[in-house]
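Below: one structure, written as structure tokens.
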Amino acid sequence: MSLKLRDDEKAMLAGDYGPARQKAMALLVRYAEALGVERFVDTTNVAGVPGSITPFLHQYYGAYGSDYNTIFSLFDLDADEVVEVPRVSGHSCMLQGGIDPENFEVLGKTAEALALDQAGEQGAAARDIEVLRTCTPYLVGNVPGRGEHCAWMESSAVVYCNSVLAGRTNTEGRESTSAAMLTGKIPDFGFHRDEYRFGTHLIKVETPVETILDWGMLGYFTGQCVGEKIPVLTGSIGKPQVILHKHFGAAAASSGGVEMYHMVGLTPEAATEEMAFGPGRPKEVFVYDAAARQRIYDDLNANGRSRDVDFVMLGCPHAALEQIEEACRLLDGRRLSENTQLWIFTSRVVRAQAQAKGYAQRIIAAGGHIITDTCSAIGQAIPPGTKVAALDSAKQVHYLPAIMNIEAWFGSTADCINAALTGRWQGELV
Ligand code: F3S
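Sequential numbering of the sequence shown, starting at 1134, is according to this note's numbering.
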């Protein structure tokens, strides 16, 4: 199969649309040829980290200068010369990965690192890229239409886009998303194509799944069972709301590599089990029952030893407003333990909403922090001296202990807030 370019793609490759689009198209052609695909699709929704400047990149490319054009050309476009980066072609947004300017010292980041990060952000904004700085773009206005071809990074956002919104995206990388922002093109393979969107494995849910804790555990189980395949869930799944899909998908993408799932009667491409599986039949069937639920809980708590908790982290994926409200309700006007810190990660938009509602002020009055743009795993940021964390996210508990070499407990949001108030882990599965 050989790649066939349309006229506008040939013109970009020939340099008719300027040097940056030429280099972006050349990068995408190399990508498409490596995949063995025949064509590109036009994409109208791209989410990445275009031109983000970290201390590591600054150190690596500093000799060339670390202005936006330099970083974007040499790193994002893999070019061998610096070109002027123009405004993007279509709707594009910048995801998480930065440093919250209001909390950079809390995060242990330097003013120099913040200045680099802000230079990257300003460079992106100047090129019409929407600066969202969150892993949950779908909570703050970026909601692709059904069938819309997207090019998104961030596994938890990708699985939400494909499964809940019926948008179409593979899990792209920084280079492919930055090139897609300039060209409006992405290779036509994987989840862009009907034939790759059908379910492959059946998950029968035989125990009630209601809370964030439950949905995180079911997601973790699902990823363990199917790896990178496409699960179809049936049974006791009720009608999960946005936040529950957020935790389910993030967990399934972490324990496995799930990029799309179906829930029969609930998600848009699975009105029936037959529709979810299309022409195929389930290759395997798994049952999630009370015993599986207990096993997953034990797996997710395998890192916990000491019950003295130093750090409680909420907001993975970034917290929705309702979750911040819930944290306030659970704090109930009390102060945190002197031995424990509480950091809640969210997007800038949701923090502004939380401030408008007074929730942010209540969390700060309790001794906590509401932090945007990043998270503990991505930012490699925890309070100094942390040995034991408490988390309500199956995804975060999958990554954080290994990244930061700490112990971690997994439980409900209520268990975590209780740990923040008492300094002790008392969670248990109910
Ligand atoms: Fe978001 Fe960080 Fe979790 S980027 S999905 S909060 S690991």
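For glycine and all other residues, C-beta sits at the position ideal for the given N, C-alpha and C.
Note down the Cα distance separating Gly1078 from Cys1294, rounded to an integer number of angstroms.
Missing from the structure shown is residue 1078; the chain here goes from 1134 to 1563 and no further.
The ligand F3S heavy atom lying under 7 Å from the CB of Phe1381
no
Touch check for the region 1429-1446 and the region 1471-1487: three-plus C-beta pairs under 8 Å?
Segment contact: the region 1429-1446 against the region 1471-1487, three or more CB-CB distances shorter than 8 Å; contact assigned.
Could you please give the first and the last residue of the uninterrupted alpha helix (DSSP H) stretch that includes Met1408?
1406-1410
For Pro1364, write down the residues that DSSP places opposite it in a beta bridge.
For Pro1364, which the question treats as bridged, DSSP gives the partners His1334.
Simplified DSSP assignment, three categories, for Val1291:
helix
Using the beta-carbon count (16 or more within 10 Å), is Ser1199 buried or exposed?
buried
Contact under 8 Å by Cβ, Ala1385 with Gly1413:
Inclusion of Ala1385 and Gly1413 in the CB contact set at 8 Å is not warranted, their separation being larger than that value.
Beta-carbon contacts of Ser1206 that lie in its chain and below 8 Å, excluding the five residues immediately before and after:
Ala1153, Lys1156, Ala1212, Glu1214, Val1215, Val1216, Val1218
Buried versus exposed, by CB contacts within 10 Å (16 or more), Arg1139
exposed
Could you tell me if the beta carbon of His1378 falls within a distance shorter than 7 Å of some heavy atom in the ligand F3S?
no
Given Ala1416 as reference, the closest of Leu1464, Ile1336, Ser1439, Ala1167 once Cα atoms are compared:
First, the amino acid is wrong: residue 1416 is Lys here, not Ala. Lys1416 has its Cα closest to that of Ile1336, out of Leu1464, Ile1336, Ser1439, Ala1167.
Have a look at the DSSP bridge pairing and note the partners of Gln1474.
Phe1444
Is Arg1301 helix, strand or coil when you go by DSSP?
Reduced to three states, the DSSP call for Arg1301 is strand.
Counting along the chain, where does the beta strand (DSSP E) carrying Ala1180 start and finish?
1178-1181
Use the C-beta contact count for Val1375: other C-beta atoms within 10 angstroms, 16 or more gives buried, fewer gives exposed.
exposed
My understanding is that Gly1230 touches Val1182, with C-beta atoms under 8 Å, so please give their C-beta distance in whole angstroms.
5 Å
Excluding the 5 residues flanking Ile1186 on each side, which residues of the same chain have their C-beta closer than 7 Å to its C-beta?
Apart from sequence neighbours up to five positions away, the residues of its chain that approach Ile1186 with a beta-carbon distance below 7 Å are Ser1199, Ile1204, Leu1249, Asp1250, Ala1252, Gly1253, ordered along the chain.
Sub-8 Å separation of Leu1146 and Leu1210 beta-carbons
no
Quickly, what does DSSP pair Val1418 with across the bridge? List them, please.
Leu1335
How is Ile1503 classed by DSSP in three states: helix, strand or coil?
strand
Buried or exposed: where does Glu1287 fall if 16 or more other Cβ atoms within 10 Å of its Cβ makes it buried?
buried
Expected contact under 8 Å - CB spacing of Arg1332 and His1378 to nearest Å
One point to set straight first is that residue 1332 is Gly, not Arg, in the sequence displayed. With a Cβ gap of about 16 Å, Gly1332 and His1378 do not count as contacting.
What residues in its chain sit with their C-beta under 6 Å from that of Ala1165, if we drop five residues either side in the sequence?
Leu1136, Pro1320
CA-CA distance, Thr1555 and Glu1339?
35 Å
Our contact map puts Arg1484 next to Ile1503 with C-beta atoms below 8 Å; I'd like the distance itself, whole angstroms only.
5 Å
For the ligand F3S, any of its heavy atoms closer than 7 Å to the Cβ of Gln1427?
Answer for Gln1427: no, Cβ out of range of the ligand F3S.
Return the CA-CA distance between Gly1398 and Ala1284, expressed in angstroms with no decimal places.
So the alpha carbons of these two residues sit roughly 27 Å apart.
How many Å lie between Asn1202 and Ala1259 at the Cα?
12 Å
Please state whether DSSP places Ser1545 in a helix, a strand or coil.
coil
Taking just the CA atoms, how far does Asp1141 sit from Ile1184?
A small fix is needed here, since residue 1184 is Gly in this sequence, not Ile. Distance between Gly1184 and Asp1141, taken at the CA atoms: about 25 Å.
For the alpha helix (DSSP H) containing Ala1284, name the first residue and the last one.
Note, Ala1284: premise wrong, no alpha helix (DSSP H); beta strand (DSSP E) at 1283-1285.
Candidates His1334, His1531, Val1365, of which the one nearest Pro1609 by Cα
Outside the displayed range of the chain (1134 to 1563) lies residue 1609, so it cannot be described from this structure.
Since Tyr1536 is in the alpha helix (DSSP H), which residue starts that stretch and which ends it?
Sequence check: residue 1536 is Ile here, not Tyr. Unbroken alpha helix (DSSP H) run through Ile1536: 1527-1537.
Go through the residues and name those whose CB comes closer than 5 Å to any heavy atom of the ligand F3S, in chain order.
A distance filter of 5 Å between CB atoms and the heavy atoms of the ligand F3S selects the following residues in sequence order: Gln1229, Cys1268, Ser1289, Cys1449, Pro1450, Cys1508, Ala1510, Ile1511.
On the three-pair Cβ rule with 8 Å, is the region 1538-1549 touching the region 1453-1463?
yes
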